[in-house]
């Protein structure tokens, strides 16, 4: 067989294996880290009538995920093995910061995160299992935490191409990708587009890149003030393990700036930014090695 033909056939075989599979016998363990910068602050609450405004929000988490099929989709439960929440408070709010953030972390202790995942890999719903709201304040506290968790799991929100084969082309992610959301329950997106493309392949893995953009209506839950539109751009990369059917690692970065027509653009407030990454953890506790990727 001609060498070029053989290489082409091998490439097609690898590309056709881009299919999610959460049916592993052992839990898939990940380490995740997320930083969200909200220059006009994000409000964190505690049940003891305390609150703190944060301009930088940093969460790390270790989880063990198992999945079962639900029709054509997946029910994935990620048991939280460890979690921490830190950041930078608005001047004047520092005194309550440790107590308020500890209250949110306490809600996650030994809990599960339930993900409803499409067969294509899109995360369609995220809930904290076993955490309930007794009153409106607790409800707001839980919702703020859930929105942060949507940022934490955004790198996992990877839609794969139809039939697992990109056919040498880039493919679109449908719906509203988590990476293009703001840290808010009320922000809405419009004109959002996200695309992925394979940049290289190797035995057992496919390296990919992500680019996205859109416009987001800023919600009041993120920052106090009037609603305005922000232009959002995102980029990322990762490696999908074609042998296991899950991600080995992934990272994504998002930036949102006020549009020129927005009143907030004249205030000098900095841009919203988000960065998140995850890496799969081996049974012995070591992490998957992340290779260097040259510019494509």
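In this note's numbering, the protein residues as written are 36 to 331. For glycine and all other residues, C-beta sits at the position ideal for the given N, C-alpha and C.
| said: At the level of alpha carbons, what is the spacing between residue 54 and residue 280? | reply: In a straight line, the C-alpha of residue 54 is about 6 angstroms away from that of residue 280.
| field | C-alpha distance - residue 148 paired with residue 164, whole-angstrom precision | value | Using only the alpha carbons, I get a separation of about 6 angstroms.
| field | Whole-angstrom C-beta distance between residue 96 and residue 136, which should lie under 8 angstroms | value | Contact between residue 136 and residue 96 fails: their C-beta atoms lie close to 14 angstroms from each other, not under 8 angstroms.
| message | My parser needs the alpha helix (DSSP H) runs of 4 or more residues fully inside the region 186-239; what are they? | response | Taking only runs of at least 4 residues, no alpha helix (DSSP H) segment lies wholly in the region 186-239.
| What do you get for residue 237, buried or exposed, if any count of 16 or more other CB atoms within 10 angstroms of its CB means buried? | It is exposed - the Cβ of residue 237 has fewer than 16 other Cβ atoms within 10 Å.
| For residue 142, which residues does DSSP report across the bridge? | Residue 142 is not bridged to any residue.
| field | Pairwise C-alpha distance: residue 84 and residue 120 | value | If you take the alpha carbons of residue 120 and residue 84, they lie about 19 angstroms apart.
| query | Can you tell me where the beta strand (DSSP E) with residue 67 in it begins and where it stops? | reply | First-last of the beta strand (DSSP E) with residue 67: 63-80.
| Among 273, 109, 130, 99, the one whose alpha carbon lies nearest that of residue 116 | Looking at the Cα atoms, 99 is the closest of the given residues.
| query | When the distance is taken between beta carbons, is residue 56 closer than 7 angstroms to residue 277? | reply | Not a contact, by the Cβ cut-off of 7 angstroms.
| said: Helix, strand or coil for residue 286? Go by DSSP, reduced to three states. | reply: Strand, per DSSP.
| query | Is residue 233 near residue 243, with beta carbons less than 7 angstroms apart? | reply | In contact: residue 233 and residue 243 (Cβ atoms closer than 7 angstroms).
| query | What residues in its chain sit with their C-beta under 6 angstroms from that of residue 113, if we drop five residues either side in the sequence? | reply | Once the five neighbours on either side are set aside, the close Cβ partners of residue 113 are 98, 100, 148.
| query | Can you tell which of 249, 313, 133, 159 has its C-alpha closest to the C-alpha of residue 64? | reply | Closest in alpha carbon position to residue 64, among 249, 313, 133, 159, is 313.
| query | What residue from 327, 318, 324 has the CA that sits closest to residue 60's CA? | reply | The closest CA to that of residue 60, considering only 327, 318, 324, is found on 318.
| query | Is residue 321 helix, strand or coil by DSSP? | reply | In this structure, DSSP gives residue 321 a state outside helix and strand, which the three-state scheme calls coil.
| said: Please tell me whether residue 311 and residue 212 are closer than 7 angstroms, where the distance is taken between their beta carbons. | reply: For residue 311 and residue 212, no; Cβs fall outside 7 angstroms.
| Which residue's Cα is closest to the Cα of residue 106: 80, 151, 141? | The residue with the shortest Cα to Cα distance from residue 106 is 151.
| message | Does residue 120 come out as helix, strand or coil in the three-state DSSP assignment? | response | The three-state secondary structure of residue 120, taken from DSSP, is strand.
| C-alpha gap between residue 111 and residue 269, whole angstroms | Roughly 25 angstroms between the two C-alpha positions.
| said: Do residue 283 and residue 323 have their beta-carbon atoms positioned less than 7 angstroms apart in this structure? | reply: With contacts defined as CB atoms closer than 7 angstroms, residue 323 and residue 283 qualify as a contacting pair.
| message | Does chain C have any CB closer than 7 angstroms to the CB of residue 122? | response | This model lacks chain C altogether, as it is built from one protein chain only.
| field | Given residue 180 as reference, the closest of 118, 265, 306, 192 once Cα atoms are compared | value | Nearest of 118, 265, 306, 192 to residue 180, Cα basis: 118.
| request: Would you mind stating whether residue 182 and residue 218 have Cβ atoms separated by less than 7 angstroms? | output: Yes, they are a contact pair.
| Can the beta-carbon of residue 215 be found closer than 7 angstroms to that of residue 287? | Taking 7 angstroms as the Cβ cut-off, residue 215 and residue 287 do not qualify as a contacting pair.
| Reduced DSSP category for residue 58 - H, G, I as helix; E, B as strand; rest coil | In the structure shown, residue 58 sits in coil (DSSP, three-state: anything other than H, G, I, E or B).
| said: Based on DSSP bridge pairs, tell me the residues matched to residue 148. | reply: Beta-bridge pairing links residue 148 to 113, 163.
| field | Anticipated Cβ contact below 8 angstroms, residue 81 with residue 138, distance rounded | value | Between residue 138 and residue 81 the Cβ distance is about 4 angstroms, and since that is below 8 angstroms, they are a contact.
| Same chain, Cβ closer than 6 angstroms to residue 102, five either side skipped, listed in chain order | Non-local beta-carbon contacts of residue 102 in its own chain, meaning distances under 6 angstroms to residues more than five positions away in sequence, involve 57, 109, 111 in chain order.
| query | Just curious, the beta strand (DSSP E) that residue 276 is in, first and last residue? | reply | Taken as a continuous stretch (DSSP letters only), the beta strand (DSSP E) holding residue 276 covers 264-276.
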